[in-house]
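*Asks:* Take this structure, written in structure tokens, and hold onto it; I'll ask about it next.
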Amino acid sequence: MNPEEELKVALDRARQGTGALFIAVQDVLGFLNIFSADVEENFVRRWLQRLETNAISFTTLDTGNSAGPPDFSFGDIGKYYYYIGVLNPQLYTIGFFPKRVGAAKVLYSMGGVVEELRQFTDVLNALKETSRKRYLEQKEKEGELKRVRRKKKYLSQHQIEALKDAFQNEIGPAGDYIFNATIIEKRFNRNLLTKEDAYELIDYLAQEIDSLDRAERFVKTALSIVDEEAI
């Protein structure tokens with residue numbers, strides 16, 4: 000059984016063991032979306048879309064606590080409970096449950112699910128990268144990528160410098176070199192950096208930060224910089 004098959008088995012086992020309607024793994028930039036469900040796909044995608052903003056806000060939360068943000072967020076929406084668990088600064092899992100399962104079981108069982116899924120970080124990152132490349136290749140094949148890029152507004156030099164400063168604040172003096180080297184290695188155009196490019200750059204840079212809480216803080220700060228008005 001290859002790692003991807005093992006991941007699928009782990010998700011199926013987690014869903015069945017916890018009583019979830021579905022358990023999904025996503026990334027903050029939207030390239031990865033894997034789930035195991037006991038309901039129709041449209042139901043899953045509708046609720047994932049509704050929970051996406053809450054999930055990203057939580058997973059990039061900076062509490063100001065040196066121990067880092069909480070490992071999970073738990074709440075209820077109407078007839079359902081949801082559980083959001085952080086796998087790493089870029090990846091999170093969402094469990095969605097009918098209330099008959101009970102809050103205590105959700106909290107107890109999902110802690111174990113998060114720990115198990117963290118063992119698949121390398122597989123998930125590889126799948127995310129494959130999905131990103133497939134997306135870009137499809138856009139290029141359709142002849143849309145260049146047209147979209149011409150219409151996009153670019154980040155200002157002030158925003159780019161602010162991104163570098165935010166990265167350097169978390170990684171130290173070497174941040175300047177790593178930031179510039181990443182732009183060159185990944186072939187970004189520093190003078191024509193779109194929001195989409197910046198999201199990818201943030202993803203690469205966050206992987207260079209060893210500390211989980213520092214990486215999460217960087218992602219939150221960087222996203223706020225990118226979402227400023229571009230020129």
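Positions 0 to 230 (numbering that gives the first Met the number 0) are the ones given, in order, by the sequence shown.
Just so it is clear, CB atoms sit at the ideal spot from N, CA and C, and this is done for glycine as well.
According to DSSP, simplified to helix, strand and coil, what is Ile208?
*Replies:* Correct three-state label for Ile208: coil.
*Asks:* Please list, in chain order, all residues of the same chain as Val105 whose beta carbon is under 6 angstroms from its beta carbon, the five residues on each side excluded.
*Replies:* The answer, listed in chain order, is Tyr80, Tyr82, Phe96.
*Asks:* Assuming Asn162 contacts Ala205 (C-beta within less than 8 angstroms), just tell me the rounded distance between them.
*Replies:* The displayed chain sequence assigns Leu, not Asn, to residue 162. About 12 angstroms separates the two Cβ atoms, so there is no contact after all.
*Asks:* Take the Cβ of Val24 as the centre, count every other Cβ of all protein chains shown within 10 Å, and call the residue buried at 16 or more, exposed below.
*Replies:* The residue is buried, with at least 16 neighbouring Cβ atoms inside 10 Å.
*Asks:* In chain order, what residues of the same chain have a beta carbon less than 8 angstroms from the beta carbon of Asp175, not counting five sequence neighbours either side?
*Replies:* Excluding residues within five positions, the ones whose Cβ falls inside 8 angstroms are Lys163, Gln167.
*Asks:* Closest by CA to Asp70, which one among Arg117, Asp202, Gly29, Ile224?
*Replies:* Comparing Cα positions, the closest option is Arg117.
*Asks:* Would you grab the beta carbon distance between Ile208 and Ala165 for me? Rounded to a whole angstrom, and I think it's under 8 angstroms.
*Replies:* At roughly 11 angstroms, the Cβ-Cβ gap does not stay under 8 angstroms, so Ile208 and Ala165 are not in contact.
*Asks:* For the beta strand (DSSP E) that Ala255 lies in, which residues bound it at each end?
*Replies:* Nothing about residue 255 can be reported from this structure: the residues present for the chain run from 0 to 230 only.
*Asks:* Excluding the 5 residues flanking Ala214 on each side, which residues of the same chain have their C-beta closer than 6 angstroms to its C-beta?
*Replies:* Only Pro88, Ala205, Ile208 meet the Cβ criterion.
*Asks:* Following the continuous alpha helix (DSSP H) through Phe178, name the residue where it begins and the one where it ends.
*Replies:* Its alpha helix (DSSP H) spans residues 174-184.
*Asks:* Based on the DSSP secondary-structure assignment, which residues constitute the bridge partners of Phe95?
*Replies:* Its beta-bridge partners are Phe21, Tyr81.
*Asks:* Can you give me the Cβ contacts of Glu4 inside the same chain, cut-off strictly under 6 angstroms, excluding the 5 residues immediately before and after it?
*Replies:* So the list is empty, once near-sequence residues are dropped.
*Asks:* Please list the terminal residues of the continuous alpha helix (DSSP H) segment that includes Phe166.
*Replies:* Note, Phe166: alpha helix (DSSP H), 156-170.
*Asks:* CA-CA distance, Gly111 and Ala54?
*Replies:* Approximately 19 angstroms between the Cα atoms of the pair.
*Asks:* For a test of the three-state rule: what should DSSP assign to Gly111, helix, strand or coil?
*Replies:* Reduced to three states, the DSSP call for Gly111 is helix.
*Asks:* Enumerate in chain order the residues of its own chain whose CB-to-CB distance from Val100 is below 6 angstroms, with the five nearest sequence positions on each side excluded.
*Replies:* Contacts found: Gly18.
*Asks:* Taking all protein chains shown into account, decide if Ala180 is buried (16 or more other Cβ within 10 angstroms of its Cβ) or exposed.
*Replies:* Exposed: under 16 other Cβ atoms inside 10 Å.
*Asks:* Are Leu31 and Leu123 close, meaning C-beta to C-beta below 8 angstroms?
*Replies:* Closer than 8 angstroms, so yes.
*Asks:* Which class does Asp26 belong to by DSSP, given the choice of helix, strand or coil?
*Replies:* Strand, per DSSP.
*Asks:* Pull the bridge partners of Gly74 from the DSSP assignment, please.
*Replies:* Answer by DSSP bridge pairing, in chain order: Tyr81.
*Asks:* By the three-class DSSP mapping on this structure, what secondary structure does Ser65 have?
*Replies:* With a pLDDT of 45 at Ser65, under the threshold of 50, the modelled position of this residue cannot be trusted, and the question is left open.
*Asks:* Taking only the alpha-carbon atoms, compute the straight-line gap between Ile182 and Glu51 and give it to the nearest angstrom.
*Replies:* Cα to Cα, Ile182 sits roughly 28 angstroms from Glu51.
*Asks:* Measuring CA to CA, which of Ile93, Val85, Tyr198 is closest to Asp75?
*Replies:* Residue Ile93 is the option with its Cα nearest to Asp75.
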